[in-house]
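J.: What follows is a single structure, and I will ask about it in a moment.
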Amino acid sequence: MKLKVFSGIRPSGKLHLGNYLGAIKNWMELQDPPSHKASEGTAKPAQVIFMVADYHAITTPYDPKTYQQQIMDVVLDYLAAGIDPDKALLIRQSKVPQHTELAWLFNTVTPVSWLDRLPTYKEQLAKAPKYNHVGLLDYPVLMAADILIYKSNLVPVGEDQLPHIDLTNEIAKKFNSMFGEVFEPVKPHLAEGARIMSLKDPTQKMSKTPSASSGQAGDESCIFLVDTPDIIRAKTKKAVTDSDKEVKYDEKEKPAISNLLTIYHLLSQDSIKKQVLSIKEIENQYESKSYVDFKNDLAEVVVNFLQPFQAKRKEFEDDPKKVIQILESSEEKARQLADKTLTEVKEKMGLL
141 MKLKVFSGIR
151 PSGKLHLGNY
161 LGAIKNWMEL
171 QDPPSHKASE
181 GTAKPAQVIF
191 MVADYHAITT
201 PYDPKTYQQQ
211 IMDVVLDYLA
221 AGIDPDKALL
231 IRQSKVPQHT
241 ELAWLFNTVT
251 PVSWLDRLPT
261 YKEQLAKAPK
271 YNHVGLLDYP
281 VLMAADILIY
291 KSNLVPVGED
301 QLPHIDLTNE
311 IAKKFNSMFG
321 EVFEPVKPHL
331 AEGARIMSLK
341 DPTQKMSKTP
351 SASSGQAGDE
361 SCIFLVDTPD
371 IIRAKTKKAV
381 TDSDKEVKYD
391 EKEKPAISNL
401 LTIYHLLSQD
411 SIKKQVLSIK
421 EIENQYESKS
431 YVDFKNDLAE
441 VVVNFLQPFQ
451 AKRKEFEDDP
461 KKVIQILESS
471 EEKARQLADK
481 TLTEVKEKMG
491 LL
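Read in order, the letters of the sequence shown are residues 141 to 492 in our numbering.
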């Protein structure tokens with residue numbers, strides 16, 4: 141079986157460390173598995189597609205006047221983070237119309253009850269009660285089409301998206317049983333760092349938008365990939381900690397410091413070993429030090445980690461023609477792949 145990877149992020153705002161550590165970092169390994177992964181049996185994928193989910197993002201409140209800039213900001217972040225156009229396609233969802241056409245065909249085989257039971261719909265309604273429409277309910281069907289239009293079989297996602305992968309497989313299975321085999325099962329890919337929490341509320345995921353329960357989100361809750369060193373230091377300094385003053389990992393009893401330790405661990409680089417520091421090594425390093433010492437050092441770890449990313453991003457930002465060429469080339473190839481699947485689906489359904 142050929143490995144076909146697909147994933148995407150909504151352009152609903154600036155990308156932050158949670159996006160990077162929970163998604164994009166993993167994508168880089170799937171795009172070009174490191175040697176130690178290859179030795180563990182992780183095959184180099186035959187197809188890798190990363191998407192800016194601009195149709196998904198309009199299901200929740202957005203500003204049409206700034207939307208194109210939001211989309212391009214995410215594209216720049218993707219490229220700066222290391223997505224290689226020679227190894228992966230980078231596309232805008234709206235530029236490949238086969239996504240929405242397959243979604244409509246899937247609508248004709250998907251029971252409404254399958255969508256009603258998903259937690260995402262109610263969560264989004266809680267955030268914006270007046271923003272209630274069919275697109276919000278139907279979001280998971282379009283997501284299934286995004287994945288299956290390329291016959292993808294491995295999707296890097298966060299834990300909160302697992303119900304959507306389950307639904308994708310249910311839709312594929314039902315389509316196959318009704319019209320004949322077209323789609324194979326899709327597997328989620330979860331990795332360490334899939335859930336980086338808010339700097340202000342460690343019970344909530346780091347997010348650009350407020351949670352319905354706490355309302356905590358926004359600039360103070362996230363470290364954005366484009367934040368300046370001074371902003372990073374200020375946000376880290378204000379990050380909440382636990383009442384216990386010991387720098388010790390305990391996700392249940394000490395969620396705040398555990399979240400900060402996770403960020404430190406994932407972004408650190410041992411100068412001798414040339415690999416990330418373990419949680420235990422960091423704990424030992426701060427055994428007799430205060431939270432202030434720890435957070436000051438954490439800020440510098442984040443600053444140092446983001447410096448090369450920000451420099452590379454600036455290079456792409458200064459060459460918009462190159463960025464557009466990358467997108468248009470990827471999207472043309474994606475349309476060709478998608479058209480093959482859509483033609484097969486239509487033939488099975490008696491539409492050709």
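Just so it is clear, CB atoms sit at the ideal spot from N, CA and C, and this is done for glycine as well. Here the structure is a predicted model, which is why all the values come from computation and not from measurement.
The alpha helix (DSSP H) spanning P460 covers which residue range?
T.: Here the alpha helix (DSSP H) through P460 covers 460-489.
J.: Taking C-alpha atoms, which residue in N293, L258, K144 lies nearest to L229?
T.: Closest by alpha carbon: K144.
J.: Going by the DSSP bridge assignment, what does G148 pair with across the sheet?
T.: For G148, which the question treats as bridged, DSSP gives the partners M191.
J.: How far does the alpha helix (DSSP H) with V252 in it extend, from its first residue to its last?
T.: Counting along the chain, the alpha helix (DSSP H) containing V252 begins and ends at 252-256.
J.: Of the residues E299, D306, D300, which one's Cα is nearest the Cα of N293?
T.: That would be D306, whose Cα lies nearest to the Cα of N293.
J.: Where does R150 land, buried or exposed, given buried means 16+ other C-beta within 10 angstroms?
T.: It counts as buried.
J.: Measure the CB-CB distance between P303 and L258 and report whether it falls below 8 Å.
T.: In this structure, L258 lies closer than 8 Å to P303 by Cβ.
J.: Could you give the DSSP three-state label for H176: helix, strand or coil?
T.: For H176, the pLDDT reaches just 41, beneath the cut-off of 50, and the residue's location in the model is therefore unreliable, although a value from the coordinates is still provided. Three-state DSSP puts H176 in a helix.
J.: Would you kindly check if the distance between the Cβ of Y271 and the Cβ of I189 is under 8 Å?
T.: Not in contact: I189 and Y271 (Cβ atoms no closer than 8 Å).
J.: Is P303 helix, strand or coil when you go by DSSP?
T.: In the structure shown, P303 sits in a helix (DSSP, three-state: H, G or I).
J.: By a C-beta neighbour count over all protein chains shown, 10 Å radius and 16 as the cutoff for buried, is W244 buried or exposed?
T.: Result: exposed.
J.: For D217, which three-state DSSP category applies?
T.: If DSSP states are grouped into helix, strand and coil, D217 belongs with the helices.
J.: Within a Cβ cutoff of 6 Å, which residues of the same chain sit near N399, ignoring the five residues on either side of it in sequence?
T.: Correct list, in chain order: M337, P342.
J.: With respect to the alpha helix (DSSP H) encompassing K377, which residues constitute its N-terminal and C-terminal limits?
T.: Here the alpha helix (DSSP H) through K377 covers 369-378.
J.: If I follow the unbroken alpha helix (DSSP H) through V281, where does it start and stop?
T.: V281 -> alpha helix (DSSP H) spans 274-288.
J.: Can you give the Cα-Cα distance for L407 and I466, rounded to whole angstroms?
T.: One C-alpha to the other measures close to 28 Å.
J.: Around the Cβ of M296, are there at least 16 other Cβ atoms within 10 angstroms (buried) or fewer (exposed)?
T.: For the record, residue 296 in the displayed sequence is Pro; it is not Met. Classification of P296: buried, given that the 10 Å Cβ count is 16 or more.
J.: Under 8 Å by Cβ, that's how I've got I223 and W167 pegged, so tell me the actual separation to the nearest angstrom.
T.: Right, their Cβ atoms sit about 7 Å apart.
J.: Terminal residues of the continuous beta strand (DSSP E) containing L230?
T.: Note, L230: beta strand (DSSP E), 229-232.
J.: Suppose the cutoff is 6 Å on Cβ atoms and the five residues either side in sequence are ignored; what does the same chain contact list for D286 look like?
T.: So the qualifying residues of the chain are H239.
J.: What number of angstroms, rounded off, separates the C-alpha of L482 from the C-alpha of N316?
T.: Going from the Cα of L482 to the Cα of N316 covers about 14 Å.
J.: Taking all protein chains shown into account, decide if S347 is buried (16 or more other Cβ within 10 angstroms of its Cβ) or exposed.
T.: The residue in question, S347, is buried, as its Cβ has 16 or more Cβ neighbours within 10 Å.
J.: Buried or exposed for L216, please, with buried defined as at least 16 other CB atoms from any protein chain shown within 10 angstroms of its CB.
T.: Result: buried.
J.: Hey, how far is the Cα of A197 from the Cα of S253?
T.: Spanning the two alpha carbons is a distance of roughly 23 Å.
J.: Can you list, in chain order, the residues of its chain with a C-beta nearer than 7 Å to that of T250? Leave out the 5 residues immediately preceding and following it.
T.: Closer than 7 Å at the Cβ level, and outside the excluded window around T250, lie V281, I311.
J.: Tell me, to the nearest whole angstrom, how far the beta carbon of K227 is from that of A186; I am working on the premise that it is less than 8 Å.
T.: Actually they are not in contact, since the Cβ atoms of K227 and A186 sit about 11 Å apart, beyond 8 Å.
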